[in-house]
Amino acid sequence: MLSKLNALLHSKEKLAARMDKAMKVARIAVLALLAAIVLSQLALQNETIREWLTSAARWEGTSLG
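Take the sequence shown: its letter number 18 is residue 18 in full-length UniProt numbering, and every next letter is one higher.
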């Protein structure tokens, strides 16, 4: 009985450790995505970078057909 209780407590500790690790990874992923969004928005404010990344300005006013 005592060994089953110890095994259960040990498995809960393992689960808690895995969940903590998963939360750290998720937190880093979210922060990286937010940083990528901010950097891309800042980059698109630059006229040279925006022209290099997008072709919308070149096609403006031209017929598609």
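Using N, Cα and C, we set each Cβ at its ideal position, and we do this for glycine too.
This one's a predicted model, so the numbers in the text were calculated from it and none came from an experiment.
So residue i is in the alpha helix (DSSP H); what residue range does that whole segment cover?
i	result
Thr-54	Here Thr-54 belongs to no alpha helix (DSSP H), and DSSP marks it neither H nor E.
Met-1	Run containing Met-1: none; DSSP gives neither H nor E here.
Spatial neighbours of residue i within its chain, please: CB distance less than 7 Å, with the 5 preceding and 5 following residues excluded, ordered by chain position.
i	result
Leu-42	none
Among the residues of its own chain, which have a CB less than 6 Å from the CB of residue i, if the five just before and after it don't count?
i	result
Gly-61	none
Asp-20	none
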